[in-house]
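Protein chains in written order, with my numbering: chain A, 47 to 250; chain L, 1050 to 1310.
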């Protein structure tokens, strides 16, 4: 069993028309045992950007604290909020610093840049960034998510349609993965604000 | 006689004084004034910019007032280069505390850590002290709004109204007379004893500024203004833009001493 499959997770981010979506499951397990059904894996970075962290739960929490620290320092020193592209580089750098003893997480970043253009990317555990134009997936259910997204995704969907699509992709993918599920959280980031919804799927 | 005891920071003089620290304070007394006033709804910080030239690009960056953290804002008097080092250190201190405890650093702890840093330069290493005094205005959930003054020696104390920099003695005596504090200590056990409103505090700030700054007229180029208040239960720092400073000055015109022509 790989260390990345110890706790279980499923995270997906998708691009829509002037909006992005990021969605995650809520399960925290210790292999087969389910420990928490409300474990937070997606965190706000700025008002218009979220980061999802899939992988080992303790590293998820630690990295969330480290990124919060670095983003706050950036905000106070530069007197502006960090852009998604810049933040992605910050995340990549933080992961590569531990190249030979890595954090066991795979991040997913979704947000709108200062011109309200959608931005998504994901990384492997040592910080290689994948800039995608359509969708990115991470976690134990990533293979299932790839299949669902590839068949469901289409460009230029508005916030409501994007929400429906992301929800279907995530819920059906986690249903086929024992290590993820127990409900979902979906954030739709638009220029007017972020809409957060909780989903109830198969609770097993 | 004093000459023999002032070239090294780490020794006392026979009279029990640390001359380098005193010389640092002397440097600060020539720097632009910073005033801080505590009110029941927040704290006002105002500062005089000394470097003015119409060639200066002043819209970018502050010279005197800096955020240390989401819940603490500080006004600086003294050597700006020294202040930059300390501001950066205080930002790191605040973020490391947040990372370790997942909760914002209490204001007094931040001030104390900064002062411990300053104190080190008066006792070890033979390096000169930082020539900076701070007025730190902040809020935390334990003690509400607090205003701290710290000096190059590493001493700090909590104030209802304070002033550092040029003419600070003058300003301090005006503040002592004018600051209205009707609060009774037993009623407000947990909250800093202040009963002024923010508007009153702004008014008092403008009055003291106009009496201590020796330019003919108060303009937005000469001043920096910031407030820290609560919004939805969370501390909110607002550094005023030049237009907003004009707004404050015109609102409090009546207390601003007219220029002698």
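All C-beta atoms, glycine included, are put in the ideal place defined by N, C-alpha and C.
Keep in mind the model is a prediction, meaning the values are calculated, not measured.
- Residue range 79-82 is occupied by the beta strand (DSSP E) that includes residue 82 of chain A.
- Contact annotation: residue 1261 of chain L and residue 1216 of chain L have beta-carbon atoms nearer than 8 Å.
- At a beta-carbon threshold of 7 Å, the residues of chain A lying near residue 1116 of chain L are 122, ordered along the chain.
- Between residue 1230 of chain L and residue 1191 of chain L, the alpha-carbon positions lie close to 21 Å from each other.
- In this structure, residue 152 of chain A sits near residue 100 of chain A, with a CB-CB distance shorter than 8 Å.
- When the five nearest sequence neighbours on each side are left out, the beta carbons in the same chain lying within less than 6 Å of the beta carbon of residue 217 of chain A are those of 247, in order along the chain.
- Burial check for residue 223 of chain A: the Cβ neighbour count within 10 Å reaches 16 or more, so the residue is buried.
- Residue 1151 of chain L has a beta carbon lying within less than 8 Å of a beta carbon in chain A.
- Short of 8 Å from the beta carbon of residue 112 of chain A, and not among the five residues preceding or following it, lie these beta carbons of its own chain, in chain order: 140.
- Contact residues of the region 110-136 of chain A toward chain L are 111, 112, 114, 115, 116, 118, 119, 121, 122, 123, 125 (C-beta to C-beta distance below 9 Å).
- Look at residue 152 of chain A here: in three-state DSSP terms it is strand.
- Here the C-alpha atom of residue 128 of chain A lies approximately 33 Å from the C-alpha atom of residue 75 of chain A.
- Looking at A:48, A:62, A:120, A:209, the one whose alpha-carbon comes closest to that of residue 166 of chain A is A:62.
- The beta carbon of residue 1162 of chain L sits no closer than 8 Å to any beta carbon of chain A.
- The Cβ-Cβ distance between residue 1146 of chain L and residue 1154 of chain L falls below 8 Å.
- Inter-residue distance for residue 1098 of chain L and residue 1184 of chain L is about 15 Å (C-alpha atoms, whole angstroms).
- The beta carbon of residue 1113 of chain L sits closer than 8 Å to the beta carbons of 1081, 1083, 1096, 1097, 1098, 1124, 1125, 1126, 1273 from its chain, once the five residues preceding and following it are set aside; these are given in chain order.
- Listed by position along chain A, the residues whose Cβ is nearer than 9 Å to that of residue 1159 of chain L form an empty set, because the closest Cβ is around 13 Å away.
- Residue-level contact by beta carbon fails for residue 1184 of chain L and chain A, as no gap is shorter than 8 Å.
- Relative to the Cα of residue 175 of chain A, the nearest Cα in the group A:187, A:163, A:191, A:156 belongs to A:156.
- Here residue 248 of chain A carries a coil assignment [DSSP, helix/strand/coil].
- Secondary structure note for residue 1304 of chain L: it is in no beta strand (DSSP E), with a DSSP letter that is neither H nor E.
- Residue 97 of chain A is bridged by DSSP to A:89, A:155.
- In this chain, the beta strand (DSSP E) harbouring residue 1280 of chain L covers 1272-1280.
- For residue 103 of chain A, the enclosing alpha helix (DSSP H) covers residues 103-124.
- Closest in C-alpha terms to residue 65 of chain A, from the list A:250, A:245, A:249, A:241, comes A:241.
- No residue range can be given for residue 49 of chain A, since it is assigned to no alpha helix (DSSP H) and is classified by DSSP as neither H nor E.
- Residue nearest to residue 1105 of chain L within the set L:1285, L:1271, L:1302, L:1071 is L:1271 (criterion: CA-CA distance).
- Per DSSP, reduced to three states, the secondary structure at residue 162 of chain A is coil, with no helix or strand assignment.
- Taken through DSSP and simplified to helix, strand or coil, residue 225 of chain A comes out as coil.
- Of the candidates A:235, A:81, A:125, A:158, the residue whose Cα lies closest to the Cα of residue 227 of chain A is A:81.
- Only 1140 from the region 1125-1140 of chain L bring a Cβ to less than 7 Å from some Cβ of chain A.
- Judged by beta-carbon spacing, residue 181 of chain A lies beyond the 8 Å limit of residue 88 of chain A, meaning their Cβ atoms are not closer than that value.
- If only complete runs of 3 or more residues are kept, the region 1121-1157 of chain L shows the beta strand (DSSP E) at 1121-1127, in order along the chain.
- Comparing C-alpha distances from residue 1276 of chain L to each of L:1282, L:1289, L:1163, L:1150 shows the shortest one belongs to L:1289.
- Under the three-state reduction of DSSP output, residue 60 of chain A falls in the strand class.
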